[in-house]
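Asks:
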Amino acid sequence: MPDTILVANAGSSSIKFQVFDIVGETSGLDLNLKGQVEGIGTRPRLIARDAEGGRIADETFSVGDLPDARAALGQLGHWLRARLEGGFPAAVGHRVVHGGPAYDTHVAVDDDVLTKLEALVPLAPLHQPNNLLPIRAIRAMQPEVLQVACFDTAFHRGHPEVADRYAIPERLYRDGIRRYGFHGLSYEYITRTLATLAPEIADDRIVVAHLGSGASMCAIRGGRSIDSTMGFTALDGLPMGTRPGQLDAGVILHLLTNNGMTADAVQHMLYHDCGLKGLSGISNDVRDLLASEDPRAKLALDYFVYRAGLALGSLAASLEGLDVVVFTAGIGENSSAIRAAICRRARWLGIDLDEVANAKGARLISAGTSRVRVMVIPTDEERMIAHHTLEILKRRRRH
Ligand code: ADP
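The sequence shown begins at 437 in this note's numbering and counts up one residue at a time.
1. Below 8 Å on the Cβ atoms is my guess for Val810 versus Ile767; work out the distance and round it to an integer in Å.
2. From this set, Tyr739, Gly696, Arg833, which residue's C-alpha is nearest Lys713's C-alpha?
3. Does DSSP put Glu827 in a helix, in a strand, or in coil?
4. Pairs of beta-carbons, one from the region 549-567 and one from the region 516-529, closer than 8 Å: are there three or more?
5. Just the C-alpha distance for Asn695 and Ala493, rounded to the nearest angstrom, thanks.
6. Any idea what DSSP makes of Glu836, helix, strand or coil?
7. Which stretch, first to last residue, makes up the alpha helix (DSSP H) that contains Thr629?
8. Would Ser448 be called buried (16 or more neighbouring beta carbons within 10 Å of its own) or exposed?
9. Whole angstroms are fine: how far does the CA of Leu482 sit from the CA of Gly475?
10. Find the nearest neighbour of Val812 within the set Arg831, Leu467, Val761, judged by alpha-carbon distance.
11. With a Cβ-Cβ cutoff of 9 Å, do Ala444 and Pro570 count as a contact?
12. Quick check: the region 793-807 against the region 686-704, are there 3 or more CB pairs under 8 Å?
13. Tell me whether Asp709, by its Cβ, gets closer than 8 Å to a heavy atom of the ligand ADP.
14. Quick one: does the C-beta of Ile774 sit closer than 8 Å to a heavy atom of the ligand ADP?
15. If you run the structure through DSSP and keep just helix, strand and coil, what is Asn445?
16. Closest to Gly757 by CA distance: which of Val792, Thr693, Leu785 is it?
17. Does the pairing of the region 771-779 with the region 654-661 give three or more beta-carbon distances under 8 Å?
18. Does DSSP put Gln703 in a helix, in a strand, or in coil?
19. On the DSSP bridge assignment, give the partners of Ile458 in chain order.
20. Could you give the distance in angstroms between the alpha-carbon of Glu791 and the alpha-carbon of Leu829?
21. Work out the CA separation of Gly648 and Gly673 for me, nearest whole Å.
22. Going by the C-beta, is Ser649 closer than 8 Å to any heavy atom of the ligand ADP?
23. At a cut-off of 8 Å, is Ala765 close to the ligand ADP when judged by its beta-carbon and the heavy atoms of the ligand?
24. How many whole angstroms separate the CB atoms of Ala590 and Gly535, which I take to be in contact at a CB cut-off of 8 Å?
25. May I ask you to report which of helix, strand or coil DSSP gives Glu606?
26. Leaving aside the five residues before and after Gly838 along the sequence, list all residues of the same chain whose C-beta is less than 7 Å from its C-beta, in chain order.
27. Quick check: what's the CA-CA separation for Gly754 versus Ser463?
28. Strictly by DSSP, which residues pair up with Ile451?
29. Count the C-beta pairs between the region 613-626 and the region 591-601 that are closer than 8 Å, then say yes if the count reaches three, no if not.
30. Could you tell me which uninterrupted alpha helix (DSSP H) segments, each at least 4 residues in length, are contained entirely in the region 716-784, listed from first to last along the chain?
31. Please list the terminal residues of the continuous beta strand (DSSP E) segment that includes Gly529.
32. Just verifying my parser: in three-state terms, what is the DSSP assignment at Thr551?
Below is the structure:
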């Protein structure tokens, strides 16, 4: 069996995983399997597919058997060991949402790193603890295995100071309240893919629209993030499946002081009950809204498209122009209707959509006459994590 790299993306109710084989002299990465344990805390289920998409696991558990993420991890470890015939991965790469101000690159985890990452829990209370759980569990079991933390914030750490700041007192900035930006692994993947697919545009002014259940946009030039719609947390910027996107801070003050809501209730509402779900009262899923006749569904989609158009204009301003737009993630890759609606609102920026290419889901969806090139590129954050993990593994093995 070849050496493998395990990639883990642990969320609040699911643990997504992929295993890559390290192959050949150049140490390429071939997908071996992917899957998830979903429904943690409600209806735990382990599903996995091999590289060809064939189902290799589908097991449902009672909450009594798998009560929490720790138990789910144990079950996953058990299944993986059997599947990999006892061979433990050569390294494990983890998606970690927050690297704070310190980490502008992905790092091998040791006790010191782990302590620093734990200190960032208050900056991402819903994500960071879940992300760190498998790191701690694997360290306890097999401390010799290389584990790498890959951060959603790292790609954005080079922002110019004006894009990194809020207009709040300096001491708060020093306390870490700044515009971090997220989805960095996706933006990094798209940037690298563009460099291979279309090297001639590497220095162009690029906006990538990562439109999934979480959504953001990023302005990129020279392979670097210049600005992004997300800020201190993953709540800011574009409206999302269940998050509101940009919201006047005064609304939060009002809810806390005049509306009798507790901080916990406000937090829950902001992460789970807003966005497309809150506006439509129907669903957080674009597919359901597109299929619905309800005017609230239309309003939710119109709001999404309107805000995406505003963000595109704003990021074009940060780049002082626009040459390329890339759509990616669940909505960006799959919904020609949403892509078309956003592009129609962005005609003034020089976007001229090829409706036929867009409907077909071609890679290039702008017309030959379009000043701005518009593309659709599927993202692969897990492969990016595997790539970084392999790089660090290779460096270790050389020394
Ligand atoms: P995440 O990885 O953050 O869970 P994804 O990038 O997988 O999110 O995006 C999920 C979202 O993509 C779904 O909630 C749905 O709104 C949207 N989506 C997926 N497929 C389609 C489709 N064919 N048409 C429209 N929207 C889609």
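The C-beta atom is built at its ideal place from N, Cα and C for all residues, glycine as well.
In this text, all values refer to a predicted model and were calculated from it rather than measured experimentally.
Replies: Taking the structure as given:
1. As a position in the sequence shown, residue 810 is number 374, starting the count at 1. As a position in the sequence shown, residue 767 is number 331, starting the count at 1. Not confirmed; about 15 Å, so no contact.
2. As a first step, residue 713 is located in the sequence shown; it is residue number 277 there, counting from the start. Taking only the C-alpha atoms, the option nearest Lys713 is Tyr739.
3. Position 391 of the sequence shown, counted from the start, is the residue given in the question as residue 827. The answer is helix: DSSP assigns Glu827 an H, G or I state.
4. no
5. As a first step, residue 695 is located in the sequence shown; it is residue number 259 there, counting from the start. As a first step, residue 493 is located in the sequence shown; it is residue number 57 there, counting from the start. Their Cα atoms are separated by approximately 48 Å.
6. Residue 836 cannot be examined here, being either before or after the span of the chain that is shown, 437 to 835.
7. Indexing the sequence shown from 1 puts residue 629 at position 193. Counting along the chain, the alpha helix (DSSP H) containing Thr629 begins and ends at 620-633.
8. Mapped onto the sequence shown, residue 448 falls at position 12. Looking at its Cβ environment, which holds fewer than 16 other Cβ atoms inside 10 Å, Ser448 is exposed.
9. By one-based count along the sequence shown, residue 475 stands at place 39. By one-based count along the sequence shown, residue 482 stands at place 46. Approximately 9 Å between the Cα atoms of the pair.
10. Walking along the sequence shown from the start, residue 812 turns up at place 376. Considering only alpha carbons, the answer is Val761.
11. Position 8 of the sequence shown, counting from 1, holds the residue named residue 444. Position 134 of the sequence shown, counting from 1, holds the residue named residue 570. Yes, the pair counts as a contact, with Cβ atoms nearer than the cut-off.
12. no
13. The sequence position of residue 709 within the sequence shown is 273, counting from 1. Flag unset: Cβ of Asp709 not near the ligand ADP.
14. What you label residue 774 is simply residue 338 of the sequence shown in a count that begins at 1. The answer is yes for Ile774.
15. For the purposes of this step, residue 445 is taken as the residue at position 9 of the sequence shown. In the structure shown, Asn445 sits in a strand (DSSP, three-state: E or B).
16. The count along the sequence shown starts at 1 and reaches residue 757 at position 321. Among Val792, Thr693, Leu785, the Cα nearest to that of Gly757 belongs to Leu785.
17. no
18. For the purposes of this step, residue 703 is taken as the residue at position 267 of the sequence shown. Three-state result, Gln703: helix.
19. Here residue 458 refers to the residue found at position 22 of the sequence shown. Ile458 pairs with Leu465.
20. Here the question's residue 791 lines up with position 355 in the sequence shown. Here the question's residue 829 lines up with position 393 in the sequence shown. So the two alpha carbons sit approximately 45 Å from each other.
21. For the purposes of this step, residue 673 is taken as residue 237 along the sequence shown, with counting starting at 1. For the purposes of this step, residue 648 is taken as residue 212 along the sequence shown, with counting starting at 1. Each residue's alpha carbon lies about 13 Å from the other.
22. To locate residue 649, count along the sequence shown from 1; it is residue 213. Ser649: yes, Cβ under 8 Å from the ligand ADP.
23. Working through the sequence shown from its first residue, we reach residue 765 at position 329. Yes, the beta carbon of Ala765 sits closer than 8 Å to at least one heavy atom of the ligand ADP.
24. The residue given as residue 590 occupies position 154 in the sequence shown. The residue given as residue 535 occupies position 99 in the sequence shown. Ala590 to Gly535, Cβ: 5 Å. Contact.
25. The sequence position of residue 606 within the sequence shown is 170, counting from 1. Note: Glu606 maps to helix in three-state DSSP.
26. Limits of the chain in this structure are 437 at one end and 835 at the other, which puts residue 838 out of reach.
27. Looking up residue 754 in the sequence shown gives position 318. Looking up residue 463 in the sequence shown gives position 27. At residue 754 the sequence reads Ser, which differs from the Gly that was named. Those two C-alpha atoms are separated by around 38 Å.
28. The count along the sequence shown starts at 1 and reaches residue 451 at position 15. DSSP lists Ala446, Val473 as partners of Ile451.
29. yes
30. 722-727, 731-755, 765-770, 772-781
31. On the sequence shown, position 93 is the one that residue 529 refers to. 527-532 is the extent of the beta strand (DSSP E) around Gly529.
32. On the sequence shown, residue 551 is found 115 positions in, with the first residue counted as 1. Reduced to three states, the DSSP call for Thr551 is helix.
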